[in-house]
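Here is the structure we will look at, set down as structure tokens.
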Amino acid sequence: MTENWVANTESLRSTGVEANVPAPCSYAIKTLQDKLIENWERWWSKSNTDLQVKCFLPKPSLDMNSRSSYVTEFLTNHDLFVSYLYRFKLITIPNCLCRYVGDTDHYAFVCPLTKDIHLVSPSQNAKKV
Numbered sequence: 002m003t004e005n006w007v008a009n010t011e012s013l014r015s016t017g018v019e020a021n022v023p024a025p026c027s028y029a030i031k032t033l034q035d036k037l038i039e040n041w042e043r044w045w046s047k048s049n050t051d052l053q054v055k056c057f058l059p060k061p062s063l064d065m066n067s068r069s070s071y072v073t074e075f076l077t078n079h080d081l082f083v084s085y086l087y088r089f090k091l092i093t094i095p096n097c098l099c100r101y102v103g104d105t106d107h108y109a110f111v112c113p114l115t116k117d118i119h120l121v122s123p124s125q126n127a128k129k130v
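In our numbering, the protein residues as written are 2 to 130.
Next up, the structure:
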């Protein structure tokens with residue numbers, strides 16, 4: 002904004018003439034982000050799919066510092082797991098080398114090949130509480 006524009010706007014206001022002051026871009030961006038989150042939360046609350054994802058990401062957020070694309074890919078089974086490759090017919094069977102379906106839950110909780118890095122399954126965690 003130039004000083005002349007500000008001065009002209011102030012002089013118009015003092016005479017009672019309405020001056021349209023445009024909103025800054027940051028206001029428009031914030032308003033659109035709020036609307037996006039509002040719509041996203043409405044969709045998210047009505048959705049019955051991806052319940053596992055909802056355990057880790059309970060509400061929509063634009064905060065990218067708290068999670069990475071790798072975490073999102075893992076939680077949604079959209080990574081290079083054999084079940085994902087099978088889904089797109091890039092391999093002929095969806096099974097891990099241990100003969101069970103090779104999806105994220107399998108590798109994270111039960112696969113003997115990844116036993117050293119297993120997570121506590123949500124159902125086991127709930128039983129301890």
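Where a beta carbon is used, it is the ideal one built from N, C-alpha and C, also for glycine. Source: prediction; values computed, not measured.
Span separating the alpha-carbon of residue i from that of residue j
| i | j | result |
| --- | --- | --- |
| P23 | D35 | 19 Å |
| T115 | Y108 | 6 Å |
| K90 | H119 | 28 Å |
| W45 | D117 | 34 Å |
| W41 | C99 | 39 Å |
| D80 | Y28 | 37 Å |
| C26 | K60 | 27 Å |
| P113 | I38 | 40 Å |
| V102 | I30 | 44 Å |
| V54 | L76 | 6 Å |
| P95 | K47 | 30 Å |
| S69 | R43 | 23 Å |
| R88 | C56 | 24 Å |
| M73 | L58 | Per the sequence shown, residue 73 should be read as Thr rather than Met. Those two C-alpha atoms are separated by around 9 Å. |
Buried versus exposed, by CB contacts within 10 Å (16 or more), residue i
| i | result |
| --- | --- |
| V83 | buried |
| Y71 | exposed |
| L63 | exposed |
| L33 | exposed |
| K129 | Confidence at K129 is low in this model, with a pLDDT of 48, below 50, so the placement of that residue is unreliable and no value is reported for it. |
| C97 | buried |
Bounding residues of the alpha helix (DSSP H) (the contiguous stretch that carries residue i)
| i | result |
| --- | --- |
| D35 | 26-47 |
| T73 | 70-76 |
| S62 | Where S62 is concerned, there is no enclosing alpha helix (DSSP H), given that its DSSP letter is neither H nor E. |
Simplified DSSP state of residue i, which is helix, strand or coil
| i | result |
| --- | --- |
| V102 | strand |
| K90 | coil |
| F110 | helix |
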